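Undergrad: So that we are looking at the same thing, I have put the structure below in structure tokens.
Residue numbers (the working numbering): 122 to 201.
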């Protein structure tokens, strides 16, 4: 199982802050997982400058994901 977290506007658009999914065999990287989840949550594919973390470490979409990982997706944020 894989825990997926969504933050800020992603959480609002998707309607949940977290979900637990069975990791598909075809999803060996974070990018492949994003594409898989994008079939249900289009904002993951359309958000510009989407950031992500695996096990609380910010990383690129080429990073490997494995069963038991925690993945978080963050839209770009601004603040002051």
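Think of the CB as a built atom: it goes at the ideal place given N, C-alpha and C, for glycine as much as any other residue.
Since this is a predicted model, take the numbers as computed values, not measurements.
1. Apply the 10 Å Cβ neighbour rule to residue 193 and answer buried if 16 or more other Cβ atoms are within range, or exposed otherwise.
2. Could you tell me the alpha carbon to alpha carbon distance between residue 128 and residue 147, rounded to whole angstroms?
3. Can you tell me where the beta strand (DSSP E) holding residue 150 begins and where it ends?
4. Can you tell me the Cα-Cα spacing of residue 156 and residue 166, whole angstroms?
5. Quick one: what's got a C-beta closer than 8 Å to residue 149's C-beta in the same chain, skipping five residues either side?
6. Note the first and the last residue of the continuous alpha helix (DSSP H) segment covering residue 134.
7. Residue 153: which of 178, 173, 130 sits nearest, CA to CA?
TA: In this structure, then:
1. Residue mapping note: residue 193 aligns to position 72 of the chain shown, counting from 1. In this structure residue 193 is buried. Its beta-carbon is surrounded by 16 or more other beta-carbon atoms within 10 angstroms.
2. Numbered from 1 along the chain shown, position 7 holds the residue referred to as residue 128. Numbered from 1 along the chain shown, position 26 holds the residue referred to as residue 147. Rounded to whole angstroms, residue 128 to residue 147 spans 25 Å at the Cα level.
3. Here residue 150 refers to the residue found at position 29 of the chain shown. Premise fails: residue 150 is in no beta strand (DSSP E) and is neither H nor E.
4. Position 35 of the chain shown, counted from the start, is the residue given in the question as residue 156. Position 45 of the chain shown, counted from the start, is the residue given in the question as residue 166. Near 7 Å, if we compare the C-alpha coordinates of residue 166 and residue 156.
5. Against the chain shown, residue 149 aligns to sequence position 28. Here the set comprises 185, 186.
6. In the chain shown, the residue the question calls residue 134 occupies position 13. Its alpha helix (DSSP H) spans residues 130 to 135.
7. By 1-based counting over the chain shown, the position of residue 153 is 32. Nearest of 178, 173, 130 to residue 153, Cα basis: 173.
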